[in-house]
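Reviewing the structure listed below.
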């Protein structure tokens, strides 16, 4: 079943790339869709084309979409990212865009955005449901309360909060409110980083378990260790909080400097969370998020590579073949989970930095299957489900006899 699930996800990703080369976002304001058109030099320039004329717009005179396109109501036009630049919160249009969406192109993009948006939303809802079920099963079945099980539950809890936060961010009143946008951006950054740190802890844990089982020629049942779990929690939550607070401080400090009259305009080096409920500056996106995500993914695959070498090149002592087979199965499951998370976020980071629409599709498809994969791989085990059913029946009987 796991193989079928994994191949299905891969096929869906390929199909998504072929069918919908658009970003996984829906524009906030669709009321002006029918009036979109192209901007010619006559609209913005009264002089010869070689003499540019700059137009400056206030923050309330334009609407910025998550795709970094700008809609200018006064011109009733949409500008691509290459056609404008920011001066603080003010927008400058200094040259007429060479290529702006026609009505037909905007209509096609809007339709594709809408389809992918609702697909992503449905995937998020399914992931929320499956992650919640896994946490419920974890709480009921005590056999899952070992160290690896607690690490996985922490990862699921982090992903669950992340999906909930993303779902709330889709609400129109939230996305249009600057303060709410800041809160959602910071929370999302914190939860996304924490989920990757938990994945790193899981990779490190299975590496240590298999190394001990082969090096010391003994099985390691990986019982719960409160001290080790507390230390891991502090690393995951603490490091994520550190980078999140640093990004928030950088955003506030830069804004204060500009308000005080600093002539140096360094908005390119500000997160600017309020503009699109996420990093607006690619520099800060790399510094406070993408760089750490890439580093964690890299170290994860290094650990899994070393673990694979240890597991497949060494043999445990006679009589422990069953345990070795179990360890190998667990390793492959965790590896698939790491691949899904890694591929999803590598696609997201590259899509944001390189503006390649197809990569948004890959991210949207892989990202929405996190919860489903965890449910199938770790919850839908015969032994686990039987114990969960037994616990529920026992609880029901006790309730009825009271």
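In mature numbering (1 follows the signal peptide of the UniProt record, and there is no 0), the protein residues as written are -24 to -1, 1 to 378.
Just so you know, even glycine gets a beta-carbon here, dropped at the ideal spot from N, CA and C.
From a predicted model like this one, the values you see are computed outputs, not experimental measurements.
Spatial distance of residue 118 from residue 142 (CA atoms): Here residue 118 corresponds to residue number 142 of the chain shown, with the count starting at 1. Here residue 142 corresponds to residue number 166 of the chain shown, with the count starting at 1. Distance between the alpha carbons of residue 118 and residue 142 is about 31 Å.
On the criterion of 16 or more Cβ atoms from any shown chain inside 10 Å, does residue 179 qualify as buried, or is it exposed? Within the chain shown, the letter at position 203 stands for residue 179. When all chains shown are included, residue 179 counts as buried.
Are the region 306 to 318 and the region 170 to 189 touching, with three or more C-beta to C-beta distances below 8 Å? yes
Three-state secondary structure assigned by DSSP to residue 66: One-based indexing of the chain shown puts residue 66 at position 90. Here residue 66 sits in strand by DSSP.
Quick check on this structure: which residue in 187, 150, 170 has the alpha carbon closest to the alpha carbon of residue 285? The count along the chain shown starts at 1 and reaches residue 285 at position 309. Nearest option by C-alpha distance: 187.
Same chain only: Cβ atoms within 7 Å of residue 216, ignoring 5 sequence neighbours per side: Within the chain shown, residue 216 is the residue found at index 240, counting from 1. Excluding sequence neighbours, residue 216 sits near 166, 169, 170, 173.
4 or more residues per run - each alpha helix (DSSP H) lying fully within the region 338 to 366: 346 to 350
Under three-state DSSP, which class holds residue 91? In the chain shown, residue 91 corresponds to position 115, counting from 1. Looking at residue 91 - three-state DSSP - the assignment turns out to be helix.
Measuring straight from C-alpha to C-alpha, what distance separates residue 163 and residue 330? Within the chain shown, numbered from 1, the residue matching residue 163 stands at position 187. Within the chain shown, numbered from 1, the residue matching residue 330 stands at position 354. Near 24 Å, if we compare the C-alpha coordinates of residue 330 and residue 163.
Own chain partners of residue 134 with C-beta closer than 7 Å, once the 5 adjacent residues on each side are dropped: In the chain shown, counting from the first residue as 1, residue 134 sits at position 158. 167, 170, 171, 174, listed in sequence order.
Would you mind working out which of 275, 220, 137, 228 sits nearest residue 261, comparing C-alpha positions? By 1-based counting over the chain shown, the position of residue 261 is 285. Residue 261 has its Cα closest to that of 220, out of 275, 220, 137, 228.
Considering only residues of the same chain and omitting the five flanking positions on each side of residue 177, which have a CB-CB separation below 6 Å? Here residue 177 corresponds to residue number 201 of the chain shown, with the count starting at 1. Cβ neighbours of residue 177 beyond the five flanking positions: 127, 208.
Between the Cα of residue 144 and the Cα atoms of 131, 161, 132, 130, which residue gives the shortest distance? As a working note, residue 144 is residue 168 in the chain shown. It is 161 whose Cα lies nearest to the Cα of residue 144.
Beta-carbon within less than 7 Å of residue 355's beta-carbon, same chain only, minus the 5 sequence neighbours each way: which residues are those? By 1-based counting over the chain shown, the position of residue 355 is 379. These residues qualify, in order along the chain: 109, 110, 113.
Limits of the unbroken alpha helix (DSSP H) element including residue 270: Along the chain shown, read from residue 1 onward, the residue named residue 270 stands at position 294. First-last of the alpha helix (DSSP H) with residue 270: 267 to 289.
Let me know the secondary structure DSSP gives residue 34 once reduced to three states. As a working mapping, residue 34 is identified with position 58 in the chain shown. Coil, per DSSP.
Sheet register partners of residue 61 (DSSP bridge): For the purposes of this step, residue 61 is taken as the residue at position 85 of the chain shown. DSSP, once it has assigned bridges, lists 68 as partnering residue 61.
Residue 349 to residue 48 span [Cα, whole Å]: Within the chain shown, the letter at position 373 stands for residue 349. Within the chain shown, the letter at position 72 stands for residue 48. Rounded to the nearest angstrom, the two C-alpha atoms are 42 Å apart.
May I have the straight-line CA-CA distance separating residue 275 from residue 283, to the nearest angstrom? Position 299 of the chain shown, counting from 1, holds the residue named residue 275. Position 307 of the chain shown, counting from 1, holds the residue named residue 283. Rounded to the nearest angstrom, the two C-alpha atoms are 12 Å apart.
For residue 344, which residues from the same chain have a beta carbon less than 8 Å from its beta carbon, with the 5 sequence-adjacent residues on both sides left out? Locating residue 344 in the chain shown gives position 368, counting from the first residue. Correct list, in chain order: 95, 96, 98, 99, 100, 102, 103.
Buried/exposed call for residue 372, threshold 16 Cβ in 10 Å: By one-based count along the chain shown, residue 372 stands at place 396. Under this definition residue 372 is an exposed residue.
Per-residue burial, residue 266 [other beta carbons within 10 Å of its own, 16 or more giving buried]: Taking the chain shown and counting its residues from 1, the one referred to as residue 266 is at position 290. It counts as buried.
Go ahead and pull the three-state DSSP assignment for residue 188. Taking the first residue of the chain shown as 1, we reach residue 188 at position 212. Three-state DSSP puts residue 188 in a helix.
DSSP on residue 260, reduced to helix/strand/coil? As a working mapping, residue 260 is identified with position 284 in the chain shown. Assigned with DSSP and collapsed to three states, residue 260 falls in helix.
Indicate the three-state DSSP secondary structure (helix, strand or coil) for residue 147 in the structure shown. To locate residue 147, count along the chain shown from 1; it is residue 171. It is coil, neither helix nor strand.
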